[in-house]
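Structure, as structure tokens:
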Amino acid sequence: MNDSSDVRDEEFIRLDGVEKVFDVRRRTGFLRREKHQVRAVDSISFRVARGEMVGYIGPNGAGKSTTIKMLTGILTPSGGRLRVAGIDPSRERTRLAQRIGVVFGQRTTLWWDLPLIDSYRLMHRMYRIPDARYRANLDRCIELLDMSELLEVPVRQLSLGQRMRGDIAAALLHDPDVLYLDEPTIGLDVVSKAKVREFLRELNAERGTTVLLTTHDLTDIEQLCRRVMVIDHGRLMYDGALSGLHEVGESERTLVVDLERELPPIDLGPSARVVRVEGPRQWLAFPASESAAPLVARVAADYPLVDLSVREPDIEAVIANMYASGGDLLQPQAGNS
Amino acid sequence: MGQGRLYAAVAVSGFRRHATYRVATAAGVFTNTVFGFVLAYTYIALWDERPGLGGYDQAQALTYVWLCQGLHATVAAMGRGMEVELIGRIRTGDIAVDLYRPADLQTWWLAGDVGRAVFHLLGRGFVPMAFGALLFDLAVPSDPLTWLAFLVAVALGVVVSFAIRYLVALSAFWLMDGAGAAQMSALAGIFFSGLLLPLNVFPGALGEIARALPWSALLQMPADVFLGERTGVGLLETYAFQGAWAVALLAAGRLVQSAATRRVVVQGG
Ligand SMILES: Nc1ncnc2c1ncn2[C@@H]1O[C@H](COP(=O)(O)OP(=O)(O)OP(=O)(O)O)[C@@H](O)[C@H]1O
Ligand SMILES: [Mg+2]
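First to last, the protein sequences are chains L and A. Going by the working numbering, the first residue of the first sequence is number 1, and it counts up by one from there. Going by the working numbering, the first residue of the second sequence is number 338, and it counts up by one from there.
This is how it looks when you write it as structure tokens:
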């Protein structure tokens with residue numbers, strides 16, 4: 001498991017103008033078919049450093065799973081250059097397999113008819129994991145993911161959350177350098193989600209495992225990833241800190257004002273607008289990049305103010321706004337991050 | 338070879354997976370036994386009419402019936418083995434999971450199928466055969482070497498059967514209707530393996546062709562070895578025929594596999 005000679009840690013995963021075009025045949029009439037192309041991934045470039053934990057988000061059909069499939073080597077890019085740990089995934093899929101762990105939330109790597117532990121025994125042989133390391137890794141997963149009761153249960157009898165934990169453990173027995181997670185918390189309850197997140201955080205902190213995480217649950221990203229990449233229509237729309245999304249996403253903060261009595265909507269000119277009125281309480285939206293202080297001063301001066309608070313923009317709302325605008329808000333990122 | 342242990346483990350798990358389906362096994366044994374009776378009486382009528390048909394006497398013909406009933410699940414003459422599962426995995430995109438593993442796809446599925454075959458030999462082989470021997474006069478070999486030769490022929494038959502079904506399953510990468518291909522291959526298997534009638538009795542060109550097709554390696558050849566029709570050079574020729582088909586079909590499977598995985602389109606998100 002030696003590192004390939006020429007991989008720099010800061011570009012452990014490296015994509016340069018990667019594309020994936022699917023040929024799709026569509027029926028257009030009786031026996032008539034029309035061929036057209038779907039650009040699932042359209043010239044994406046980014047780097048991920050060793051030990052980083054990066055969120056990869058975007059609306060349905062954005063191209064996230066397609067990217068991950070190319071990163072595992074099971075799909076060949078239609079264009080561009082792709083390297084993971086110095087390896088070209090689709091050319092050396094088997095060699096890469098030793099270095100990566102993969103969890104596709106909607107699929108399972110486990111054998112349906114067999115007890116969970118039997119799947120792990122097969123992994124043990126398949127990845128040629130030294131016995132001591134296999135035991136240590138398995139014990140660790142059993143403890144942290146709370147699986148001791150599950151080992152003898154046939155996989156088809158596991159609940160979704162139990163199976164997902166089983167799958168995550170299966171992806172880590174061979175100590176991969178990189179872990180791809182495609183919607184690992186899909187369908188899990190709050191407790192299971194918390195458990196999985198805690199486990200991933202520890203894995204990343206202690207082992208330095210590089211993690212690329214796809215999810216529709218932004219809490220996953222908020223709790224785990226300092227860096228996030230947003231993809232839409234196969235193009236990378238944002239790559240940077242999660243907090244930075246607020247600025248580019250035209251997000252707004254909200255000033256919640258409690259007045260003495262019911263009044264017509266507060267008028268502060270173009271700097272803020274009332275988005276909601278409920279009795280004596282009013283909600284004012286203003287750009288997240290502006291200071292709240294002048295607004296507060298003006299409200300306090302002109303209106304009978306009882307109480308007020310400022311709400312930070314909700315990341316969900318920011319992203320929703322971004323998806324809805326179809327990326328018009330953002331310029332696609334240039335090649336490097 | 339370190340991977341040898343992996344594929345041994347895969348074979349064991351294939352065995353264990355099928356061992357969990359007890360009701361299906363019992364139902365299979367029951368069906369085979371019933372079919373054995375139907376075919377046995379048909380054959381008796383046939384061989385009364387035409388003694389020595391296909392070069393078999395009546396005892397041999399009856400042995401053939403019960404042997405095939407005990408053996409056809411092992412060599413998956415009627416399909417319904419790994420190909421159904423593999424087609425399903427290709428159709429749903431679960432094949433993605435198999436592809437990013439550091440294991441060879443074909444060897445992996447072969448190992449699992451060998452495990453299945455061993456289970457079916459033990460779980461579904463003996464009962465119909467014992468029933469037949471109890472109620473009819475069968476020509477069961479007394480020489481243990483014949484039994485050994487027979488088992489080798491069965492093993493080769495299993496590999497040929499796998500190689501055919503693997504090719505059929507891979508077609509699902511291109512045809513979205515892999516199930517149709519599997520059904521056609523199962524039909525061909527039922528007819529050309531000799532499950533319904535020994536291929537020896539087929540006349541003329543049809544017989545020549547049927548005996549040259551790979552399916553004859555599944556039941557007809559192991560049965561002929563069992564019945565003592567193939568000994569000495571004849572036995573070696575039988576093995577050579579089975580081995581040649583096994584090698585050719587496995588090689589074709591590898592070729593198709595690499596084409597499929599190179600330009601594969603893995604379905605689903
Ligand atoms: N096998 C395929 N054949 C044709 N088009 C495909 C195929 N797989 C994906 N696509 C198309 O590529 C685009 C990206 O799909 P992808 O599965 O990568 O999206 P995603 O970002 O993972 O979405 P989701 O959040 O819904 O999982 C979609 O428009 C999809 O229809
Ligand atoms: Mg997806």
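We put the CB at the ideal spot given by N, CA and C, even for glycine. Just so we're clear, the structure is a prediction, and the values are computed from it rather than from any experiment.
At least one heavy atom of ligand 1 falls within 7 Å of the beta-carbon of F22/L.
The three-state secondary structure of F539/A, taken from DSSP, is coil.
Interface flag for D113/L against chain A is set, since a Cβ pair is found closer than 8 Å. Shown here, P115/L sits in a strand according to DSSP, grouped into three states.
DSSP places E422/A in the uninterrupted alpha helix (DSSP H) bounded by M419 to T429. With a contact defined as Cβ atoms closer than 8 Å, R502/A and V366/A miss out at about 22 Å. For D23/L, the three-state secondary structure derived from DSSP is strand. For M229/L, DSSP records a beta bridge to Y56/L and D239/L. Positions of the alpha helix (DSSP H) runs, each at least 4 residues long and wholly inside the stretch 505-537 of chain A, are given as 515-529 in order along the chain. D113/L and V538/A have their C-alpha atoms some 42 Å from each other. The Cβ atoms of D220/L and F46/L do not sit closer than 8 Å to each other. Taking 9 Å as the cut-off between beta carbons, the residues of the stretch 579-599 of chain A near chain L are T598 and R599, in sequence order. Contact annotation: in the stretch 412-431 of chain A, residues whose CB is within less than 9 Å of a CB in chain L are T429, G430 and D431. Shortest gap from the CB of T66/L to any heavy atom of ligand 1: under 7 Å. Counting along the chain, D131/L sits inside the alpha helix (DSSP H) bounded by residues D131 to L144.
Against chain A, the CB of T94/L has a partner CB under 8 Å away; the residue lies at that interface. Going by DSSP, E252/L is part of the beta strand (DSSP E) stretching over E252 to L259. Contacts with chain A at 8 Å (Cβ-Cβ) include G73/L. Judged by DSSP secondary structure, D302/L falls within the alpha helix (DSSP H) whose first and last residues are A293 to D302. For A324/L, no beta strand (DSSP E) segment is defined; the enclosing uninterrupted segment is the alpha helix (DSSP H) at I315 to A324. In the DSSP annotation of this structure, the continuous segment of the beta strand (DSSP E) that includes T214/L starts and ends at T210 to T214. Chain L has a Cβ within less than 8 Å of the Cβ of Y437/A. Between A589/A and L504/A, the C-beta gap is smaller than 8 Å, which places the two residues in contact.
Annotated as distal: V18/L and A85/L, with beta-carbon spacing of 8 Å or more. DSSP, reduced to helix, strand and coil, places F374/A within a helical segment of the structure shown. Between ligand 2 and D167/L, a heavy atom-to-CB distance of less than 7 Å is absent. CA-to-CA, the gap between R342/A and Y120/L works out to about 14 Å. Within the stretch 158-187 of chain L, no residue places its CB atom closer than 7 Å to a CB of chain A. Two segments are said to touch when three or more pairs of C-beta atoms, one from each, lie closer than 8 Å; by this definition the stretch 422-430 of chain A touches the stretch 513-524 of chain A. Taking 7 Å as the cut-off between beta carbons, the residues of the stretch 357-376 of chain A near chain L are T357, in sequence order. Using a cutoff of 7 Å, the CB of D182/L counts as near ligand 2, since one of the ligand's heavy atoms is closer than that. The alpha-carbon separation between V275/L and A324/L amounts to approximately 19 Å.
Across the stretch 96-112 of chain L, CB contacts with chain A closer than 9 Å involve L96, A97, Q98, I100, V102, F104, Q106, R107, T108, T109, W111 and W112, in sequence order along the chain. For L268/L, the closest Cβ of chain A is not nearer than 8 Å. For the stretch 219-247 of chain L, the set of positions with a beta-carbon nearer than 9 Å to some beta-carbon of chain A is empty. Between A509/A and R428/A, the CB-CB gap stays under 8 Å.
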